[in-house]
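Q: Per this note's numbering, the sequence shown starts with residue 82, numbered consecutively. Virtual Cβ for every residue (Gly too), placed ideally from N, Cα, C. Mind looking over this structure? Questions follow.
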Amino acid sequence: MQAITFLLDAVASFFCTLFLLRFLMQAMRVSFAGQIGDFVVKLTNWAIKPLRRFIPGLGGFDWASLIAALGVQLAFSGILLGLAGPSINTDGGTLALMVLWFALRALLRLAVYIFIGALILQAVLSWINPYSPLTAPAYQLTRPVLDPIRRIIPTISGIDLSPLVAILLLQVVLMFL
């Protein structure tokens, strides 16, 4: 049973990450022209294109990607709670709210992990290979998080501490989720 749960979690997390990354990349105006953008688009088009017929993009956001991520997470949370079924003594409405809460919480945590991963990637690439094709998308994705911090904490001796502060703040957010 643990192996099945592990595999379901891995597949659900992979696709939720891709759908959320597609949503965040469009929201942050990250170019889809590079390798990362092409990878994300090709692996998510199977679900996003049909959803766009019913869920239009409004306000510059790709709502179909966010709904797809929520749908996958709802399905996974429902399966997990279904497997725990007999041990949970609740009515249908309470169970539905539990599934929704678990799915929303998991999506928020995943979004925070995406930002932490992008911040670490950006920091490592700035040291190793600042001209990597991954540098621009990582910078564009993290810029809205780092810009307010950079206004408060200036660069010290050529070293930018804003990614470290951002990661610490995102870790605090994770503690509350």
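1) For the ligand ATP, I want to know if A187 counts as a neighbour, meaning its beta carbon is within less than 7 Å of at least one of the ligand's heavy atoms.
2) Taking just the CA atoms, how far does Q252 sit from I209?
3) Since T86 is in the alpha helix (DSSP H), which residue starts that stretch and which ends it?
4) Could you check how far apart the C-beta atoms of R97 and A150 are, in whole angstroms? I think they sit under 8 Å.
5) Is the separation between the beta-carbon of F120 and that of S158 shorter than 8 Å?
6) If you draw a straight line from the C-alpha of V111 to the C-alpha of L215, how long is it?
7) Leaving out five residues before and five after A204 in sequence, what residues of the same chain have Cβ atoms less than 7 Å from its Cβ?
8) Please report the distance separating the alpha-carbon of N126 from that of A91.
9) Is F142 helix, strand or coil when you go by DSSP?
10) Report the three-state DSSP secondary structure of V136 (helix, strand or coil).
11) I'd like to check one pair, L227 with A247: are the Cβ atoms closer than 8 Å?
A: This is what the structure holds:
1) Questions concerning the ligand ATP fall outside what the structure shown contains, since it holds no ligand whatsoever.
2) Taking the sequence shown and counting its residues from 1, the one referred to as residue 209 is at position 128. Taking the sequence shown and counting its residues from 1, the one referred to as residue 252 is at position 171. Distance between the alpha carbons of I209 and Q252: 25 Å.
3) The sequence position of residue 86 within the sequence shown is 5, counting from 1. Unbroken alpha helix (DSSP H) run through T86: Q83 to A108.
4) Your numbering for residue 97 matches position 16 in the sequence shown. Your numbering for residue 150 matches position 69 in the sequence shown. First, the residue type needs correcting, since residue 97 is Cys and not Arg in the sequence shown. Right, the Cβ-Cβ distance comes to about 5 Å (below 8 Å), so this counts as a contact.
5) Here the question's residue 120 lines up with position 39 in the sequence shown. Here the question's residue 158 lines up with position 77 in the sequence shown. In this structure, S158 does not lie closer than 8 Å to F120 by Cβ.
6) As a working note, residue 111 is residue 30 in the sequence shown. As a working note, residue 215 is residue 134 in the sequence shown. Using only the alpha carbons, I get a separation of about 11 Å.
7) As a working mapping, residue 204 is identified with position 123 in the sequence shown. P244.
8) Reading the sequence shown from its first residue, position 45 is the one you call residue 126. Reading the sequence shown from its first residue, position 10 is the one you call residue 91. Taking the straight line from one Cα to the other gives about 20 Å.
9) Here residue 142 refers to the residue found at position 61 of the sequence shown. F142: strand per DSSP, three-state reduction.
10) As a first step, residue 136 must be located in the sequence shown, where it is residue number 55. The residue you asked about is not Val; residue 136 is Ile in the sequence shown. Reduced to three states, the DSSP call for I136 is coil.
11) In the sequence shown, the residue the question calls residue 247 occupies position 166. In the sequence shown, the residue the question calls residue 227 occupies position 146. Yes; because the gap between Cβ atoms is below 8 Å, this pair is in contact.
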